[in-house]
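Notes for the one structure printed next.
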Amino acid sequence: MTTPRWQRSPRLLKNLLAAALLLPALAFAQERPWPDGSQLVISVSMQFEAGGQPEGAESPFSGTPLAKGYPDLPAQTWFDYGYKEGLWRMLDLWDRTGIKVTSHVVGEAALKHPELAKAIAERGHELAAHGMRWADSYNMNYAQEKQFIGDGVAAVEKITGQRSVGYNANWLRRSPNTLKVLQDLNFTYHIDDVSRDEPFVTMVRGRKFAVVPYTLRNNDIVLIEGRHFSAEQFYQQLVLEFDRLYAEGASKRRMMSVSLHDRIGGTPAMVEAMERFIRYAQSHSKVKFMRKDQIAQIVLTEKDPLIDNTEALYNQ
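For the sequence shown, the positions run -29 to -1, 1 to 287 when mature numbering (1 follows the signal peptide of the UniProt record, and there is no 0) is used.
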């Protein structure tokens, strides 16, 4: 009787055993692939805030504030750039590259510039909530926060006919009640979480609620304004992040988040950097740009989503 080849070759036997041990790990890694087979999903945020900022809001002029009672006109023009130039330039970029994004809209900004809110909706982008005003809500009680968020939703819906299902708090500083408030207002997800590189589900009062993580790493207000990155440095940051997440995406679900603000990400150099990055990402197979509401629906409807109840204490 002929001895099987695997019994005659210790090296082959070792490789077979190693493969057998690896199979469970590979199976686990592939438990939650993206439904369409994507290796990496990229989610872009476009913050629409210009017109909703309070007096004295953070700007390049904040380091030398004017005496009380004097309007800071140059600072005002910095914010005005967002609705006069920045958002329009970014909207044209999304059209050229064929991607759809999520725009987090301050209610007062939409009321002051309804033509922009309408343009965002008409071009197929998601209008997500960002509060009625550019203000903190972490220190509001339940009723106050519900009205603050709800008024912003109503303002945008009245202009565009699109009702927001996703939320972003000012500087991510939500309150212990925020997810319960959002649930009561029929939201499906929020982004004020930077703990993972993939979307997940958390339980709010026993029901599933989606979390589509945000970013501080690929965020223009943090890197460009806060750390004085150049557009070229921002581009390199995106490429490095993309390369690592794309490689990891071969064995587990990965999502990349990018955040752009109207008055920063919409400048000529930054739009040039973003277009170069988008073209670079699109040159790879199995890469998809998705709106955040679409990503949320994937984790809410799949059979075995990643569930993270780290904040269960607040979501009872």
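Beta carbons are placed, not taken as given, at the ideal position from N, Cα and C, and that holds for glycine.
Predicted model, so just to flag it, every value in this text is computed and none were measured.
*Return the CA-CA distance between T35 and A46, expressed in angstroms with no decimal places.*
11 Å
*To the nearest angstrom, how far is it from the Cα of S146 to the Cα of D107?*
9 Å
_Burial state of G132, where buried means 16 or more other Cβ atoms lie within 10 Å_ = exposed
*Could you check the C-alpha separation between R262 and Y41 for me, to the nearest Å?*
41 Å
*Look at A252 and Q10 and say whether their C-beta atoms are less than 8 Å apart.*
no
_From F205, E116, K179 and G121, residue whose alpha carbon lies closest to that of T149_ = E116
*asked:* By the DSSP assignment, the beta strand (DSSP E) with I249 in it spans what residues?
replied: Where I249 is concerned, there is no enclosing beta strand (DSSP E), although the alpha helix (DSSP H) it sits in stretches over P239 to Q253.
_Assuming contact is defined by CB atoms lying nearer than 8 Å, are L98 and I120 in contact in what I supplied?_
no
*Tell me, which residues are paired with R188 by DSSP?*
BP columns for R188 are empty, so no partner.
_Where the beta strand (DSSP E) through E97 begins and ends_ = E97 to A100
*What residues match up with K179 in a beta bridge as DSSP calls it?*
M174
_Host beta strand (DSSP E) of F200 (start-end)_ = Careful: F200 lies outside any beta strand (DSSP E) and carries neither H nor E.
_For K129, count the other beta carbons within 10 Å of its own beta carbon; 16 or more makes it buried, fewer makes it exposed. Which is it?_
exposed
*Would you call the segment 186 to 205 and the segment 230 to 241 touching, i.e. three or more CB-CB distances under 8 Å?*
yes
_Checking the sheet assignment: what are the DSSP bridge partners for V229?_
V15
_By the DSSP assignment, the alpha helix (DSSP H) with F50 in it spans what residues?_
L44 to Y52
*Just reading off the beta strand (DSSP E) that K259 is part of, what are its end residues?*
V258 to F260
*asked:* My output table needs one value for Y285: the three-state DSSP class, helix, strand or coil.
replied: helix
*Cβ contact (3+ pairs, closer than 8 Å) linking the segment 245 to 259 and the segment 25 to 33*: no
*Which class does G236 belong to by DSSP, given the choice of helix, strand or coil?*
coil
*Just list the beta strand (DSSP E) runs in the segment 90 to 136, keeping only unbroken ones of 3 residues or longer that don't cross its boundaries, in chain order.*
97 to 100
*How would you write the range of the alpha helix (DSSP H) that V152 sits in, first residue to last?*
T149 to D155
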